[in-house]
Amino acid sequence: MRLLFCPTEVPTALAELRALGVRQAELLTGDNERTAARLAQELNVAYRANLLPEDKIAVVKAYQAQGHVVVMVGDGVNDAPALAQADVGIAIGAAGSDIAIEAAHVALMREDWRLVPDLFRIARRTLSVVKSNLLFTAVYNVVGITLAALGILPPVLAAAAQSLPDLGILANSSRLLRQK
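In the working numbering, the protein residues as written are 173 to 352.
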């Protein structure tokens, strides 16, 4: 996974993202070369400067063509097209432009880079719960169909038992409501 971002913040969040498996972070900015180089050095990331919105889209498309999952974080009008093109576009800060918030897949309402690693963690927890729900449902249905086919489970009881996994799925999914 590659993370492309535009605003200027927080090495701690980048370190957390790397720990979560983000292999590369890159600064894409419309700022001049000198400003971008200084910021990229502080953040220890690669950079591209003097970019127009279409240049940012081209970078995202190039990474996607190489088979990478691209996450783009941005807050401005110039970021909106690339946010929409990325596999996951994250608009950061409610004070960002409305078009960036509309174009993104996720809008973080505070300009706080610590929310980006939190978003990754929430997404992973959610995916884990979804996978366990699918596994539970598949196993439950295979067992139920087998028992019904063998005549061990009467058809009326099998039909009634069909609603029980919904309760298990709801209970398992409710774990997502608890903050970690």
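We treat Cβ as the ideally placed atom computed from N, Cα and C, and that holds for glycine.
Cβ-Cβ distance between residue i and residue j below 8 angstroms
i	j	result
P225	N250	yes
G246	A263	yes
M244	A230	no
F157	P327	No answer is possible for residue 157: the residues shown for the chain start at 173 and end at 352.
A252	A272	yes
V260	H277	yes
A275	L255	yes
A218	A212	yes
Delimiting residues of the alpha helix (DSSP H) encompassing residue i
i	result
L215	205 to 215
L339	336 to 345
P327	327 to 333
Identity of the residues DSSP links to residue i by a beta bridge
i	result
R190	Looking at the DSSP assignment, R190 forms no beta bridge with any residue, so it has no partner.
R220	L200
Sequence-distant residues of the same chain with beta carbon closer than 6 angstroms to residue i, five excluded per side
i	result
R286	A185
Residues near residue i in its chain [Cβ-Cβ closer than 8 angstroms; skip 5 each side]
i	result
T298	L348
L409	Residue numbering for the chain in the displayed model covers 173 to 352; residue 409 lies beyond these limits and cannot be assessed.
Run through the stretch 222 to 304 for me and flag every whole alpha helix (DSSP H) of 4 or more residues, listed as ranges in chain order.
Listed in chain order, they are 225 to 237, 252 to 257, 270 to 275.
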